[in-house]
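Residue numbers (our numbering), protein chains in the order written: chain X, 24 to 177; chain A, 155 to 249.
Below you can see the structure in the form of structure tokens.
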């Protein structure tokens with residue numbers, strides 16, 4: 024499989040990197056908290072929590088390294104194989120979930136889905152900023168999927 | 155003289171009851187994109203895009219769908235793998 028590339032402006036990379044520094048530690052916690060861990064078997068529940076925690080930490084490291092390593096204009100993130108691409112997709116999903124739970128908890132799903140109505144002055148600056156990043160992370164996912172598995176987008 | 159053909163009478167009874175089946179259920183979530191869910195199903199369930207899309211559409215329409223049914227151990231692994239993709243998966247005993 025040819026390597027996959029995600030391009031963005033340096034300005035976008037800087038903004039997204041700054042947000043990732045803030046949200047990544049929480050994203051790991053949110054991933055574990057949201058999981059439907061089976062409660063009737065302590066051994067299995069422990070294994071699940073351990074697995075999800077380890078993965079969340081790994082995803083946070085992957086994202087940080089990928090954004091830090093994206094140099095030039097445009098900034099380009101290169102993913103060498105399908106495994107890396109899948110991990111990157113999951114990591115972006117974790118960050119979006121964390122933003123949903125921690126920053127947009129007071130916004131309904133319907134409002135968030137049609138974010139046009141949120142893109143106004145009614146939201147505090149920090150939330151508008153986080154919303155723009157939330158959308159950008161989603162666009163990066165879509166771009167990656169269009170290269171990795173275009174039939175999923177049809 | 156030909157011997158009469160005797161049909162042996164065999165009585166069988168089920169001594170072992172079938173192990174219960176478990177469903178891996180995925181709930182709708184408004185955060186992950188549909189294409190992302192399709193890719194996750196293709197990767198975890200080892201199915202093609204058309205089948206993955208059908209499952210995704212069922213979840214979108216009904217709010218939930220059973221994506222796999224079988225023995226408990228495998229069901230647990232699949233549910234965990236789907237959660238590693240940050241999908242809202244859970245286990246339910248079939249029937």
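Backbone N, C-alpha and C fix where the C-beta goes; we use that ideal spot for every residue, glycine too.
Mind checking who residue 27 (chain X) pairs with in its DSSP beta bridge?
Taking the first residue of the first chain as position 1, residue 27 (chain X) is located at position 4. DSSP output for residue 27 (chain X) lists X:102 as bridge partner(s).
Spatial neighbours of residue 36 (chain X) within its chain, please: C-beta separation below 7 Å, excluding the five flanking residues on both sides.
Here the question's residue 36 (chain X) lines up with position 13 in the first chain. Same-chain partners within the cutoff: 90, 93 and 98.
Taking all protein chains shown into account, decide if residue 247 (chain A) is buried (16 or more other Cβ within 10 angstroms of its Cβ) or exposed.
Numbered from 1 along the second chain, position 93 holds the residue referred to as residue 247 (chain A). With fewer than 16 Cβ atoms within 10 Å of its Cβ, residue 247 (chain A) is classed as exposed.
Test: residue 196 (chain A) CB closer than 8 Å to a CB of chain X
Numbered from 1 along the second chain, position 42 holds the residue referred to as residue 196 (chain A). Interface residue, yes.
Proximal chain X residues relative to residue 239 (chain A), where beta-carbon distance stays under 9 Å:
Within the second chain, the letter at position 85 stands for residue 239 (chain A). Result: 109, 112, 113 and 116.
Would you decide whether residue 149 (chain X) is buried or exposed? Buried here means 16 or more other CB atoms lie within 10 Å of its CB.
Here residue 149 (chain X) refers to the residue found at position 126 when the first chain is read from its first residue. Exposed, because fewer than 16 other Cβ atoms sit within 10 Å of the Cβ of residue 149 (chain X).
Presumed contact (8 Å Cβ cut-off) between residue 209 (chain A) and residue 219 (chain A), rounded CB distance:
If you number the second chain from 1, residue 209 (chain A) lands on position 55. If you number the second chain from 1, residue 219 (chain A) lands on position 65. Yes, they are in contact, since the Cβ atoms of residue 209 (chain A) and residue 219 (chain A) sit about 6 Å apart, within 8 Å.
When we look at the beta-carbon of residue 207 (chain A) and count the other beta-carbons within 10 Å, is it buried (16 or more) or exposed?
Stepping through the second chain from its first residue, residue 207 (chain A) is reached at position 53. The residue in question, residue 207 (chain A), is buried, as its Cβ has 16 or more Cβ neighbours within 10 Å.
Quick one: is residue 69 (chain X) near chain A, going by C-beta distance under 8 Å?
Here the question's residue 69 (chain X) lines up with position 46 in the first chain. Chain A, which has no Cβ nearer than 8 Å to the Cβ of residue 69 (chain X), makes this no.
Starting from residue 174 (chain A), find everything on chain X with Cβ-Cβ shorter than 8 Å and list it in chain order.
By one-based count along the second chain, residue 174 (chain A) stands at place 20. The contacting residues do not exist; residue 174 (chain A) stays about 14 Å from chain X at best.
Contacts of residue 219 (chain A) in chain X (Cβ-Cβ under 9 Å)
Working through the second chain from its first residue, we reach residue 219 (chain A) at position 65. Simply none; closest approach about 15 Å.
Identify, in the order they occur along the chain, each residue of the same chain with its Cβ nearer than 7 Å to the Cβ of residue 60 (chain X), setting aside the five sequence neighbours on each side.
Translated into the one-based positions of the first chain, residue 60 (chain X) becomes position 37. Cβ within range, chain order: 68, 71 and 72.
Short CB-CB distance (under 8 Å) between residue 185 (chain A) and chain X:
Residue 185 (chain A) sits at position 31 when you count from the first residue of the second chain. Output row for residue 185 (chain A): interface = yes.
Would you list the residues sitting across from residue 224 (chain A) in a DSSP beta bridge?
To locate residue 224 (chain A), count along the second chain from 1; it is residue 70. DSSP lists A:176 as partners of residue 224 (chain A).
Grab me the residues of residue 33 (chain X)'s own chain with a C-beta within less than 6 Å of its C-beta, minus the 5 sequence neighbours each way, in chain order.
Within the first chain, residue 33 (chain X) is the residue found at index 10, counting from 1. Answer for residue 33 (chain X): 96 and 98, listed in chain order.
In the stretch 53 to 85 of chain X, which residue ranges form an unbroken alpha helix (DSSP H) of at least 4 residues, counting only runs that do not cross its ends?
none
Where residue 50 (chain X) sits in the DSSP three-state scheme
Translated into the one-based positions of the first chain, residue 50 (chain X) becomes position 27. Residue 50 (chain X) falls in the helix class under three-state DSSP.
For residue 178 (chain A), would you say it is in contact with chain X, using Cβ-to-Cβ distances shorter than 8 Å as the test?
Mapped onto the second chain, residue 178 (chain A) falls at position 24. No, residue 178 (chain A) lies away from the interface with chain X (no Cβ there is under 8 Å from its Cβ).
Residues of the stretch 152 to 176 of chain X whose Cβ lies closer than 8 Å to any Cβ of chain A, in chain order:
Taking 8 Å as the cut-off between beta carbons, the residues of the stretch 152 to 176 of chain X near chain A are 161, 164, 165, 168, 171, 172, 174, 175 and 176, in sequence order.
Is the Cβ of residue 134 (chain X) closer than 8 Å to any Cβ of chain A?
To locate residue 134 (chain X), count along the first chain from 1; it is residue 111. Taking Cβ atoms only, chain A never reaches closer than 8 Å to residue 134 (chain X), which makes this a no.
Which one of A:230, A:240, A:238 and A:249 has the shortest CA to CA distance from residue 178 (chain A)?
Here residue 178 (chain A) refers to the residue found at position 24 of the second chain. For the options A:230, A:240, A:238 and A:249, the alpha carbon positioned closest to that of residue 178 (chain A) is the one of A:230.
Out of A:243, A:182 and A:175, which has the shortest C-alpha to C-alpha gap to residue 215 (chain A)?
Looking up residue 215 (chain A) in the second chain gives position 61. For residue 215 (chain A), the nearest C-alpha among the options comes from A:182.
Option nearest residue 29 (chain X) by Cα separation, candidates X:117, X:113 and X:108:
On the first chain, position 6 is the one that residue 29 (chain X) refers to. Checked all of X:117, X:113 and X:108; the closest Cα to residue 29 (chain X) is X:108.
Is the beta carbon of residue 46 (chain X) closer than 8 Å to that of residue 122 (chain X)?
Residue numbering aside, residue 122 (chain X) sits at position 99 when the first chain is read from its first letter. Residue numbering aside, residue 46 (chain X) sits at position 23 when the first chain is read from its first letter. Cβ atoms of residue 122 (chain X) and residue 46 (chain X): closer than 8 Å.
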